[in-house]
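Trainee: Have a look at the structure that comes next, please.
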Amino acid sequence: MSIQTQYMQDIYSSVEKRNRGENEFLQAVKEVFESLEPVIEKHPDLIEAGIMERIAEPERFIQFRVSWVDDNGKVQVNRGYRVQFSSAIGPYKGGLRFHPSVNASIIKFLGFEQIFKNSLTGLPMGGGKGGSDFDPKGRSDNEIMRFCQSFMTELEKHIGPNTDVPAGDIGVGAREIGFMFGQYKRLHNDFTGILTGKGLTYGGSLARTEATGYGLCYFTEDMLKDLKNTSFDGKTVVISGSGNVAFFAAQKAQKFGAKVITLSDSSGYIVDPDGIDLDVVEQIKMVERKRIGEYVNQKPGASFHAGCSDIWTVPCDIALPCATQNELDEKAAKALVANGCFAVAEGANMPSTPEAVQVFQENGVLFGPAKAANAGGVATSGLEMSQNSLRLSWTFEEVDERLHQIMCNIYKNASEAAAEFDHPGNLVIGANIAGFLKVADAMKWEGITY
Ligand code: NDP
Ligand code: 2IT
């Protein structure tokens, strides 16, 4: 696909000029602009309100120095970020990523996508994202704590329960959220819901940990039923990653009767033809924080393969990329198609390159885009915010039921928007349009502010 109209092309060119070299961000903007062309044609009022000009420019972009002292007494310096992209429909909301690859482009692509994803959940959350180029791998718990405290000492100036509510993402889990929450509370003398993904003893929600992976499977199950009258039951599934999203996606896919045969991390992937044993993975990844390759020491029937890209050559019915952006390219997509894969749903953010998405669409592979398919995590963060405001805690079953309902609504809304704008079954276009319309309407009513 490409941008067709002069109007959208001109705006995209100015985005390109203003964000030169920020490839991930431009990739994300281009896809949304391509999807929105039919909407703009039908809604000239959006042109008048300058919605497209405004939506790809963050309301605020914060960059800061994070100094901390490592276990050897050496001073370390990292860079911290928070992009507050859109507050049109609610306080900025989105995760924090700690990974050495983090830069302005990655934070902005994630923050931009979060606008539409959060809108799709139906909950009142704007779009934001943040993080640091800090690498938690190999760091002691004390080093992690000192880093998180230093990071929050600056971030606290910019967030608040009605302003901006961060959460986890790659490299930020329960441990990091706990340290950051503790530091915020100490600085403000205020016990309030400024982060989601909190521990259960201090304001967290049941089912938030599981939510992204479970939500991905609820969405995929709906897509399989609606478009192919089938389900996970009896299917072979390839999943990449072995972090929060991948683990709970695997758990729910197994509960739905699928056989999950792979997981990965940045060192390589494992294949277990008998089906991945998640108890073993939990011990290796969550308790011992070791590499996924350890799995084969305990499961001799499984194999480890160095490098990540060949995971997509493992034959499967359904693929769930759950590691990172652009991990699945055109070559990988062709390999999946050649091996008979008929459905792909994105647990990670933007894991498929545009060329890969095109291969799926040309070959009739069902495709659930990240904004819709992985929205269960942030949706449940929204439910955590509601519980914090009400000062009560819902049961696991109650939260899980709400999550399930939200994922069904997201599928339905994306599917209906795709059909309404003459692209039935194209959930990329459907999700982008359905997410956009609510945000654009709010921006119109709020006047020219940001
Ligand atoms: P985790 O940190 O828990 O796990 C990340 C996993 O992806 C690890 O297995 C990691 O391997 C692997 N990975 C990370 N970077 C790379 C890379 N450059 N190449 C290969 N593998 C890599 O993160 P999450 O599971 O939370 O996040 C995974 C994806 O899901 C991300 O795209 C995130 O943005 C997205 N997401 C997360 C949500 C959440 O609620 N947590 C919600 C919605 C989307 P290694 O340990 O070797 O680095
Ligand atoms: O990409 C995402 O949606 C997340 N990392 C979760 C964000 C959140 O605020 O829960």
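Position one of the sequence shown corresponds to residue 1 (the numbering used here), numbered consecutively onward. By construction, the Cβ of each residue, glycine as well, lies at the ideal position given by its N, Cα and C atoms.
#1: Taking 8 Å as the cut-off, decide whether the C-beta atoms of Ser86 and Val428 are in contact.
#2: How would you call Gln387, buried or exposed, if buried means at least 16 neighbouring beta carbons within 10 angstroms?
#3: Taking Gly131 as the reference, which of Gly138, Gln84, Phe436, Gly95 has the closest Cα?
#4: Pull the bridge partners of Gln84 from the DSSP assignment, please.
#5: Identify which residue in Pro300, Val439, Ser105 has its Cα closest to the Cα of Pro91.
#6: Which first and last residues belong to the beta strand (DSSP E) in which Phe304 is found?
#7: Kindly indicate which three-state DSSP category Pro166 falls into: helix, strand or coil?
#8: Does the ligand 2IT have even one heavy atom less than 7 Å from the beta-carbon of Gln4?
#9: Is Asn374 buried or exposed, if buried means 16 or more other CB atoms sit within 10 Å of its CB?
#10: Going by C-alpha distance, which of Asp70, Ile89, Val165, Asp133 is nearest Arg97?
#11: Give every residue of the same chain whose Cβ lies closer than 8 Å to the Cβ of Cys148, excluding the five residues on either side of it in the sequence, and list them in chain order.
#12: By Cβ distance below 8 Å, which residues in the same chain neighbour Cys408 in space, the five residues on each side in sequence not counted?
#13: Based on DSSP bridge pairs, tell me the residues matched to Thr209.
#14: Assuming the contact rule is C-beta atoms closer than 8 Å, Arg65 and Arg82 should be a hit. Round their C-beta distance to whole Å, please.
#15: Over what stretch of residues does the alpha helix (DSSP H) that includes Arg402 continue unbroken?
#16: State the Cα-Cα distance for the pair Asn432 and Leu187, rounded to the nearest angstrom.
#17: Can you grab the Cα-Cα spacing for the pair Ile40 / Ile270, in whole Å?
#18: Need the endpoints of the beta strand (DSSP E) that Val260 sits in, please.
#19: So what does DSSP say about Ala345, is it helix, strand or coil?
#20: Could you spell out the range, first to last residue, of the alpha helix (DSSP H) harbouring Val296?
Mentor: To lay it out plainly:
#1: Taking the first residue of the sequence shown as 1, we reach residue 86 at position 86. Taking the first residue of the sequence shown as 1, we reach residue 428 at position 428. Cβ atoms of Ser86 and Val428: not closer than 8 Å.
#2: Along the sequence shown, one-based indexing puts residue 387 at 387. Classification for Gln387: buried.
#3: Residue 131 sits at position 131 when you count from the first residue of the sequence shown. The residue with the shortest Cα to Cα distance from Gly131 is Gly95.
#4: As a position in the sequence shown, residue 84 is number 84, starting the count at 1. Answer by DSSP bridge pairing, in chain order: Arg60, Gly128.
#5: Here residue 91 refers to the residue found at position 91 of the sequence shown. Here the closest residue by C-alpha is Val439.
#6: Numbered from its first residue, the sequence shown carries residue 304 at position 304. Element bounds for Phe304: 303-306.
#7: Translated into positions along the sequence shown, residue 166 becomes position 166. In the structure shown, Pro166 sits in a strand (DSSP, three-state: E or B).
#8: Here the question's residue 4 lines up with position 4 in the sequence shown. No, the beta carbon of Gln4 sits no closer than 7 Å to any heavy atom of the ligand 2IT.
#9: By one-based count along the sequence shown, residue 374 stands at place 374. With 16 or more other Cβ atoms within 10 Å, it is buried.
#10: As a working mapping, residue 97 is identified with position 97 in the sequence shown. It is Asp133 whose Cα lies nearest to the Cα of Arg97.
#11: Within the sequence shown, numbered from 1, the residue matching residue 148 stands at position 148. Taken in chain order, the residues that qualify are Glu176, Phe179, Met180, Gln183.
#12: Mapped onto the sequence shown, residue 408 falls at position 408. Once the five neighbours on either side are set aside, the close Cβ partners of Cys408 are Tyr218, Asp222.
#13: On the sequence shown, position 209 is the one that residue 209 refers to. Answer is none; Thr209 lacks a bridge partner.
#14: For this step, residue 65 is matched to residue 65 along the sequence shown. For this step, residue 82 is matched to residue 82 along the sequence shown. Actually they are not in contact, since the Cβ atoms of Arg65 and Arg82 sit about 13 Å apart, beyond 8 Å.
#15: Reading the sequence shown from its first residue, position 402 is the one you call residue 402. 396-420 is the span of the alpha helix (DSSP H), which, as asked, contains Arg402.
#16: On the sequence shown, residue 432 is found 432 positions in, with the first residue counted as 1. On the sequence shown, residue 187 is found 187 positions in, with the first residue counted as 1. CA-CA distance, Asn432 to Leu187, rounds to 39 Å.
#17: Locating residue 40 in the sequence shown gives position 40, counting from the first residue. Locating residue 270 in the sequence shown gives position 270, counting from the first residue. Distance between the alpha carbons of Ile40 and Ile270: 46 Å.
#18: Within the sequence shown, residue 260 is the residue found at index 260, counting from 1. Where Val260 is concerned, the enclosing beta strand (DSSP E) stretches over 259-265.
#19: What you label residue 345 is simply residue 345 of the sequence shown in a count that begins at 1. Three-state result, Ala345: strand.
#20: For the purposes of this step, residue 296 is identified with residue 296 of the sequence shown, where counting begins at 1. Per DSSP, the continuous alpha helix (DSSP H) segment holding Val296 begins and ends at 295-298.
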